[in-house]
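For reference, the structure discussed in these notes is given below.
Residue numbers (the working numbering): 89 to 179.
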């Protein structure tokens, strides 16, 4: 008696998946030639998520130098209350 394959089994001879290599992200500050990032700059809000956490380099695509500048700028902006430490919770 032949055993039938159930569920997800089967041949893989059909379509082959095309694997795309992810494109490397470019640091926006290096591209623009920014030497110093100010805590009053409105661009730093883009690097904080909705919960108030800093986005990592692998997400933003910044280089290590500018990621450190973003971290320092966000912390300074939080101290002066230009940025919130935590966003308000929506219920």
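Don't be surprised by glycine CBs; every beta carbon is placed ideally from N, CA and C. Note that the structure is predicted; figures quoted are calculated from it, not measured.
May I have the straight-line CA-CA distance separating residue 145 from residue 168, to the nearest angstrom?
What you label residue 145 is simply residue 57 of the chain shown in a count that begins at 1. What you label residue 168 is simply residue 80 of the chain shown in a count that begins at 1. Approximately 25 Å, taken between the alpha carbons.
So, with DSSP's three-state summary, where would you put residue 122?
As a first step, residue 122 is located in the chain shown; it is residue number 34 there, counting from the start. Coil.
Mind checking whether residue 132 and residue 158 have CB atoms under 7 Å apart?
Stepping through the chain shown from its first residue, residue 132 is reached at position 44. Stepping through the chain shown from its first residue, residue 158 is reached at position 70. Yes, the Cβ-Cβ distance between residue 132 and residue 158 is below 7 Å.
Out of 166, 150 and 165, point me to the one whose CA is closest to residue 112's CA.
As a position in the chain shown, residue 112 is number 24, starting the count at 1. Measuring from the Cα of residue 112, the nearest candidate turns out to be 150.
Let me know the alpha helix (DSSP H) ranges lying completely inside the segment 114-174, each 4 residues or longer, listed in chain order.
Segments of the alpha helix (DSSP H) lying fully in the segment 114-174: 116-120, 145-148 and 152-167.
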